[in-house]
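Mapping to the UniProt record's numbering: the sequence shown position 158 is 158, numbers consecutive. The structure appears right after this line, and notes come after that.
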Amino acid sequence: MREYLDHPGAVAILALDEQDRVLLIKQYRHPVRTRDWELPAGLLDEDGEHPLVGAQRELAEEADLVATEWNVLGEFATSPGGSNEVIRIYLARGLAAAADVFERTEEEADIEVRWVPLDDCVDAVLARRVQNPSLVIGVLAAQAARARGWSTLGAADEPWPRHPVNWDHTV
């Protein structure tokens, strides 16, 4: 018998403004005992919530932003040997301030926000100054997608057959 963590999955958002700057957030993460730079992200723990809706909710909650343009940037399994957690990374563009400001509590209460040029984010990844996997994968995927004229992006509502809730369904 093999034990593993059963996980609802998650979404992360690489929000990119008109100057090719990435929105980074910094918050405390107890398991690694540090405040780490990362992309806005969150669990898909609301029953039946579409991943895109979850991503839109997380961007509003963690960064007080909305976006008019959404695409799938990438997907990955965080630790396939011990967890079924999968994360879908969305690219959000056409950014604007959200009409409602989310009241942050607990681990989100002291979120620090910073806009960083995409190329500087790539440099930070390559220099090993950032460790968050969604940030690392998202930044490198965004750089590669941009170099290809964004032709590799997926539709925001495309099916996600590798998400565990879809394993028993025909795709």
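No residue lacks a Cβ here, since even glycine has one placed at the ideal position from N, Cα and C. Since the model is a prediction, treat every value here as computed from it, not as a measurement.
Using the three-state DSSP reduction, which class does residue i fall into: helix, strand or coil?
i: residue 182; result: For residue 182 there is no data in the structure shown, the boundaries of the chain being 1 and 171.
i: A92; result: strand
i: D120; result: helix
i: G9; result: coil
i: I137; result: helix
i: V32; result: helix
i: A99; result: coil
i: V113; result: strand
i: V125; result: helix
i: V86; result: strand
If I follow the unbroken alpha helix (DSSP H) through residue i, where does it start and stop?
i: G54; result: P51 to A63
If contacts are defined as beta-carbon pairs under 8 Å, then residue i and residue j qualify, I think. What distance do you get, rounded to the angstrom?
i: A145; j: L135; result: A145 to L135, Cβ: 15 Å. No contact.
i: W115; j: R21; result: 4 Å
i: P8; j: D45; result: 5 Å
i: N84; j: P164; result: 5 Å
List the residues that DSSP assigns as beta-bridge partners of residue i.
i: W150; result: According to DSSP, W150 bridges with nothing at all.
i: A145; result: For A145, which the question treats as bridged, DSSP gives no partner whatsoever.
Quick check on the DSSP output: the beta strand (DSSP E) that includes residue i runs from which residue to which?
i: R162; result: It is not in any beta strand (DSSP E) - R162 carries neither H nor E in the DSSP assignment.
i: V22; result: R21 to R29
i: G42; result: A41 to L43
What does a CB cutoff of less than 6 Å around residue i pick up in its chain, not counting 5 residues either side in sequence?
i: residue 172; result: Because the chain here runs from 1 to 171, residue 172 falls outside it and cannot be looked at.
i: T78; result: E85
So, for residue i: in the same chain, excluding its five sequence neighbours on each side, which residues have a beta-carbon less than 7 Å away from its beta-carbon?
i: N132; result: D36, W37 and E38
i: G138; result: A12, L14, L39, L73, G74 and I89
i: G94; result: A67, T68 and E69
Using 9 Å as the limit for Cβ to Cβ distance, is residue i near chain D?
i: V125; result: Judged by its chain identifiers, the structure shown contains no chain D, having just a single protein chain.
Excluding the five sequence neighbours on either side, which residues of its own chain have a C-beta within less than 8 Å of the C-beta of residue i, listed in chain order?
i: R148; result: none
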